[in-house]
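Peer 1:
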Amino acid sequence: MDQRSPPARPLRRQLDSIILHFDYDCFYAAVFESETPEFRSLPLAVQQKQIIVTCNYEARRRGLSKLQLIKDAKKVCPDVVIVLGEDLTRFRNASKHLYAFLTSFSWNNRAERLGFDEVFMDVSDMIEYNAGLLNPNDLANSYFCLSKNDPTAGFAYDASQVAGHTYPESSTDISGASPDAQRLQMHLRLASHLAKHLRQQLESEKGYTCTVGVSTNKLLSKLVGNVHKPDSQTTLLPPYTTDDDEFDNVASFLDGHEIGKIPGIGFKIAQKLRAHVLQRVPKIDAGLVYGGTKEVVLVGHVRRHPGIGPETLERILEGPGTPHGIGGKIWGLLNGCDDTEVGLAREVPKQISIEDSYTRLNTLGEVVKELRLLSESLLKRMHADLLEEEEDVETTEHVTATDKIGKRWVAYPKTIRLSTRPRLPQNPDGSRNRSFARISRSAPMPNFVFNLKESIELLSSRLVSESLIPLFRKLHPEKSGWNLSLVNIAATNMVDTASEKGGAGRDISKMFKRQDEVLKQWRVEEGNESAEMDEDGMEAYPSRQASAMRESSRGGSEDVPTPSQEDSVGNDGKWESEDEDAMNEGDTFMCEQCGAAMPIYAMAAHSRWHIQG
Ligand code: TTP
Ligand code: MG
3 MDQRSPPARP
13 LRRQLDSIIL
23 HFDYDCFYAA
33 VFESETPEFR
43 SLPLAVQQKQ
53 IIVTCNYEAR
63 RRGLSKLQLI
73 KDAKKVCPDV
83 VIVLGEDLTR
93 FRNASKHLYA
103 FLTSFSWNNR
113 AERLGFDEVF
123 MDVSDMIEYN
133 AGLLNPNDLA
143 NSYFCLSKND
153 PTAGFAYDAS
163 QVAGHTYPES
173 STDISGASPD
183 AQRLQMHLRL
193 ASHLAKHLRQ
203 QLESEKGYTC
213 TVGVSTNKLL
223 SKLVGNVHKP
233 DSQTTLLPPY
243 TTDDDEFDNV
253 ASFLDGHEIG
263 KIPGIGFKIA
273 QKLRAHVLQR
283 VPKIDAGLVY
293 GGTKEVVLVG
303 HVRRHPGIGP
313 ETLERILEGP
323 GTPHGIGGKI
333 WGLLNGCDDT
343 EVGLAREVPK
353 QISIEDSYTR
363 LNTLGEVVKE
373 LRLLSESLLK
383 RMHADLLEEE
393 EDVETTEHVT
403 ATDKIGKRWV
413 AYPKTIRLST
423 RPRLPQNPDG
433 SRNRSFARIS
443 RSAPMPNFVF
453 NLKESIELLS
463 SRLVSESLIP
473 LFRKLHPEKS
483 GWNLSLVNIA
493 ATNMVDTASE
503 KGGAGRDISK
513 MFKRQDEVLK
523 QWRVEEGNES
533 AEMDEDGMEA
543 YPSRQASAMR
553 ESSRGGSEDV
563 PTPSQEDSVG
573 NDGKWESEDE
583 DAMNEGDTFM
593 CEQCGAAMPI
603 YAMAAHSRWH
613 IQG
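Positions 3 to 615 (our numbering) are the ones given, in order, by the sequence shown.
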């Protein structure tokens, strides 16, 4: 490619949708505050392993920050109140509850969770409808209808102004612009009022504050929300034209972002883009395997680089594991184009997985013990997430005392997967390289796990002996010589009974009572087991990609050294809404410089902390 040739023309943006992005403020701390309101006035920090994963704003006022080591936090603020946040149940429940609340406002049911504390909502239909109700002669006294059927459900607002902050701070005069541009401006304005109303509702009804971004797609709404935090909102104002950079607020907004901060651009892709722009290998902080780069290359630098365009990007980025068409996708992101839809509100998770990490796990006896614990947790999670109260409760004559009367499976996983992460052997100098490579095997989920008459202890012990140990033997045929740093078990391949063909909520447990045979139809055929490895020897975990995506709200997708972050655009280029298990990562890593142990997501921030002295 001729380096002197001009960059390719930017893409046309799709401007028909209006998307809101919600990020709850200090989420984990807010959950504790909602349980114990006295915490609100105290500096409160939530601890996982040796670090503070988040803290409330009182604590932040006193100098604490996210991802700080506990010992440092105590030095900065000796009267900090520390609560343990390793059990994720309360966060999961709060997240579901708030999500259900936000979803209840949606007309099209397009509301998607990303992690525990972010939600995207596609409100295009509500905005379109309300734009149709406007009286152009009296915009200041408008009324926003929250229901087409109930005209009393809604709120009064001033449609002549945007609610909350905007990017840029003052609006451009677009009175002479095309009707499309003016329509977009009005739609975004309406959306800003809806966002404000939803934020107020969330606070008054549920006691949570949040930060919202308002724009036309997921990428832009997520990024623009970060401009004013906390308890705030920002609308990315038009013009959104791509004809002239000077009049393109999207370009000027994105251009100032470091490329690694763009959701969907992970570490590997970011490094390749930096190398292309700088014409040399970008420096990585010396001595840090997962350190960030010192080089700052902005979206604008890449976007305006001579000769750049989808084809050049395809050529630069191609390589093992990179999906075909990556150049077009990244070119789209750099130009603010993201056509991924906000997913339909989902009640059941795509998969449930439980894992734990170990400093040493090298005997079968210990493995069995750990598998038991993990299986029990898995089954408990399956009960919590996949069972619902039955409306037509059966009479007790058919059920025993131990039966959970009135519960039914709303979804069931067809597959059980076991993954492990073996430690690499020591180097000759006694050091050991970290490895993120997982290996895994899957098998059909045995039917007995759906039996609600048996105790979880008994079922998990059967699951271990009948499914997990055989899978383990396939993964590790040698009796000894291995040492595992992580074990994960997952219930995957989820079938939603409500969406199943012909079944408005088929009830597995009832059928189980009648006839185990019936369940055969859902069995995955034997021989379906597989070792799921991608080309880097890493298992392709959608949840891990999602975890990389969600981290971007904390400072960019590449900040998080998750194994698959380099592919965070994903093989299909879609944003993955997060599976809950992405939050289950309990891995502990040692800092090579100070020996502190911390979860993987804290490593990047911790390394930077060293660098800053
Ligand atoms: P964030 O949205 O990054 O943080 P936050 O909601 O606590 O604070 P902010 O007001 O800045 O949005 O993350 C959401 C939750 O995820 C957070 O409350 C705790 C948890 N978390 C982790 O588990 N690991 C991490 O590395 C970080 C940063 C957060
Ligand atoms: Mg948050």
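Ideal Cβ positions, reconstructed from N, Cα and C, are used throughout, including at glycine.
Every value quoted in this text rests on a predicted model; they were computed, and no experiment measured them.
Taking leucine 69 as the reference, which of Glu40, Gln281, Gln49 has the closest Cα?
Peer 2: By one-based count along the sequence shown, residue 69 stands at place 67. The shortest C-alpha to C-alpha distance from leucine 69 to any of Glu40, Gln281, Gln49 is the one to Gln49.
Peer 1: State the start and end residues of the unbroken alpha helix (DSSP H) segment that holds tyrosine 101.
Peer 2: Here the question's residue 101 lines up with position 99 in the sequence shown. That run of the alpha helix (DSSP H) goes 91 to 105.
Peer 1: Does the beta-carbon of valine 55, which I'm using as the reference point, lie nearer than 7 Å to any heavy atom of ligand 1?
Peer 2: Here the question's residue 55 lines up with position 53 in the sequence shown. Yes, since a heavy atom of ligand 1 falls inside the 7 Å radius drawn around the Cβ of valine 55.
Peer 1: Starting from leucine 22, trace the beta strand (DSSP E) both ways and give me its first and last residue.
Peer 2: Mapped onto the sequence shown, residue 22 falls at position 20. Its beta strand (DSSP E) spans residues 21 to 26.
Peer 1: What are the uninterrupted segments assigned as alpha helix (DSSP H) that are 4 or more residues long and contained completely in the region 468 to 502, given in chain order?
Peer 2: At a cut-off of 4 residues, the continuous stretches assigned as alpha helix (DSSP H) that sit fully inside the region 468 to 502 are 471 to 477.
Peer 1: Pick helix, strand or coil for proline 430, following the three-state DSSP scheme.
Peer 2: Residue numbering aside, residue 430 sits at position 428 when the sequence shown is read from its first letter. The answer is coil: DSSP assigns proline 430 none of H, G, I, E or B.
Peer 1: Please report the Cβ distance between glycine 275 and valine 252, rounded to the nearest whole angstrom; I am assuming they are in contact, meaning their Cβ atoms lie under 8 Å.
Peer 2: The sequence position of residue 275 within the sequence shown is 273, counting from 1. The sequence position of residue 252 within the sequence shown is 250, counting from 1. Correcting the residue identity first, residue 275 is leucine in this sequence and not glycine. In fact, because the Cβ distance is near 19 Å, the residues do not count as touching under 8 Å.
Peer 1: Should the region 202 to 222 be regarded as contacting the region 21 to 41, the criterion being three or more beta carbon pairs within less than 8 Å?
Peer 2: yes
Peer 1: Excluding sequence positions up to five away, which residues of its chain have a Cβ less than 7 Å from the Cβ of valine 304?
Peer 2: Start at 1 with the first residue of the sequence shown, and residue 304 comes out as number 302. So the qualifying residues of the chain are Ile261, Leu275, Val279, Ile310, Leu336.
Peer 1: Whole angstroms is fine: what's the gap from serine 555's alpha carbon to lysine 481's?
Peer 2: On the sequence shown, residue 555 is found 553 positions in, with the first residue counted as 1. On the sequence shown, residue 481 is found 479 positions in, with the first residue counted as 1. Any reading at serine 555 must be qualified, since the residue scores a pLDDT of 30, below 50, and its modelled position is unreliable; the value itself is stated next. Between serine 555 and lysine 481, the alpha-carbon positions lie close to 44 Å from each other.
Peer 1: Taking the alpha carbon of arginine 191 as the point to measure from, which residue in Lys331, Ile20, Leu86 has its own alpha carbon closest?
Peer 2: In the sequence shown, counting from the first residue as 1, residue 191 sits at position 189. With distances taken between Cα atoms, arginine 191 lies closest to Ile20.
Peer 1: Would valine 298 be called buried (16 or more neighbouring beta carbons within 10 Å of its own) or exposed?
Peer 2: In the sequence shown, residue 298 corresponds to position 296, counting from 1. Valine 298 is exposed by the Cβ-count criterion.
Peer 1: Give, in chain order, every unbroken run of the alpha helix (DSSP H) that is at least 4 residues long and sits entirely within the region 216 to 278.
Peer 2: 220 to 227, 251 to 257
Peer 1: When we look at the beta-carbon of glutamine 428 and count the other beta-carbons within 10 Å, is it buried (16 or more) or exposed?
Peer 2: Here residue 428 corresponds to residue number 426 of the sequence shown, with the count starting at 1. Under this definition glutamine 428 is an exposed residue.
Peer 1: Within the continuous beta strand (DSSP E) that includes glutamate 357, where are the two ends?
Peer 2: Taking the first residue of the sequence shown as 1, we reach residue 357 at position 355. For glutamate 357, the uninterrupted beta strand (DSSP E) run begins and ends at 354 to 359, by DSSP.
Peer 1: Is tyrosine 101 near ligand 2, with its Cβ less than 7 Å from a heavy atom?
Peer 2: Counting from one through the sequence shown, the residue named residue 101 turns up at place 99. Incorrect: tyrosine 101 has no Cβ contact closer than 7 Å to ligand 2.
Peer 1: Starting from the C-beta of proline 448, find all residues in its chain whose C-beta is less than 8 Å away, skip the five residues before and the five after it, and write them out in chain order.
Peer 2: Along the sequence shown, read from residue 1 onward, the residue named residue 448 stands at position 446. Excluding positions up to five away in sequence, the list reads Ile418, Arg464, Leu465, Glu468, Ser469.
Peer 1: Can you tell me the Cα-Cα spacing of arginine 434 and leucine 375, whole angstroms?
Peer 2: Within the sequence shown, the letter at position 432 stands for residue 434. Within the sequence shown, the letter at position 373 stands for residue 375. Taking the straight line joining both Cα atoms gives about 28 Å.
Peer 1: Closest to proline 241 by CA distance: which of Val33, Arg185, Ala31 is it?
Peer 2: Here the question's residue 241 lines up with position 239 in the sequence shown. Residue Arg185 is the option with its Cα nearest to proline 241.
Peer 1: Quick test of your reading: leucine 22 and alanine 47, contact by CB under 8 Å. State the CB separation rounded to the nearest angstrom.
Peer 2: For the purposes of this step, residue 22 is identified with residue 20 of the sequence shown, where counting begins at 1. For the purposes of this step, residue 47 is identified with residue 45 of the sequence shown, where counting begins at 1. That belief does not hold up - the Cβ atoms of leucine 22 and alanine 47 are roughly 29 Å apart, past 8 Å.
Peer 1: Say yes only if the C-beta of tyrosine 59 is nearer than 7 Å to one or more non-hydrogen atoms of ligand 2, and no if none qualify.
Peer 2: In the sequence shown, residue 59 corresponds to position 57, counting from 1. For ligand 2, not one heavy atom lies less than 7 Å from the Cβ of tyrosine 59.
Peer 1: Hey, tryptophan 333 and leucine 315: beta-carbon distance below 8 Å or not?
Peer 2: For this step, residue 333 is matched to residue 331 along the sequence shown. For this step, residue 315 is matched to residue 313 along the sequence shown. Yes, the Cβ-Cβ distance between tryptophan 333 and leucine 315 is below 8 Å.
Peer 1: Quick one: give me the first and last residue of the beta strand (DSSP E) that leucine 1 is part of.
Peer 2: Only positions 3 to 615 of the chain appear in this structure, which leaves residue 1 out of reach.
Peer 1: Sorry if obvious, but does the Cβ on phenylalanine 29 come closer than 7 Å to a heavy atom of ligand 2?
Peer 2: To locate residue 29, count along the sequence shown from 1; it is residue 27. Yes, Cβ of phenylalanine 29 sits closer than 7 Å to a heavy atom of ligand 2.
Peer 1: For a test of the three-state rule: what should DSSP assign to histidine 326, helix, strand or coil?
Peer 2: Translated into the one-based positions of the sequence shown, residue 326 becomes position 324. It is coil, neither helix nor strand.
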